[in-house]
């Protein structure tokens, strides 16, 4: 909540200062500042960044555990445990990350000469991936 209040204050202050200092370019500067503040308020970049950071930390911790186990000690039970933890991490992924993964898989399939292996994400899924 405090983060949103700071962003709203910065947005308002930026518009006021730009209006007084650069009166000739007020419409352009005001629009740029207002738009950037609006994007920060709508999309919550700091919250998204924190959730991505936590997901990456969980995935890296799981990877570290997997790499630390010698091949001779691999068991079906241990593999099932790791798979369950990976699925739990996947469930926490926001939809835009899932679309990014699907896009990467499709591009890899095309590069390997098997474009029919997986479906290409639609244009609206790709737009959603970039802006939400």
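In our numbering, the protein residues as written are 88 to 219. No residue lacks a Cβ here, since even glycine has one placed at the ideal position from N, Cα and C. Small disclaimer: the values here were computed from a predicted structure and weren't measured.
Rounded to whole angstroms, residue 147 and residue 205 show a C-alpha spacing of 26 angstroms. DSSP, read as helix, strand or coil, puts residue 168 in helix. Taking a 10 Å sphere around the C-beta of residue 163, we find fewer than 16 other C-beta atoms and assign the residue as exposed.
In this structure, residue 103 keeps its C-beta atom at 9 angstroms or more from the C-beta atom of residue 128.
Only residues of its own chain outside the window of five on either side were considered, and among them 216 have a CB closer than 8 angstroms to the CB of residue 187, listed in chain order. Only buried fits residue 94, as 16 or more other CB atoms lie within 10 angstroms of its CB. Here residue 157 is exposed, its C-beta having fewer than 16 other C-beta atoms within 10 Å.
By the criterion of a C-beta distance shorter than 6 angstroms, residue 177 is surrounded by no residue of its chain, once the five residues flanking it on both sides are discounted. Between the alpha carbons of residue 208 and residue 202 lies a distance of about 12 angstroms.
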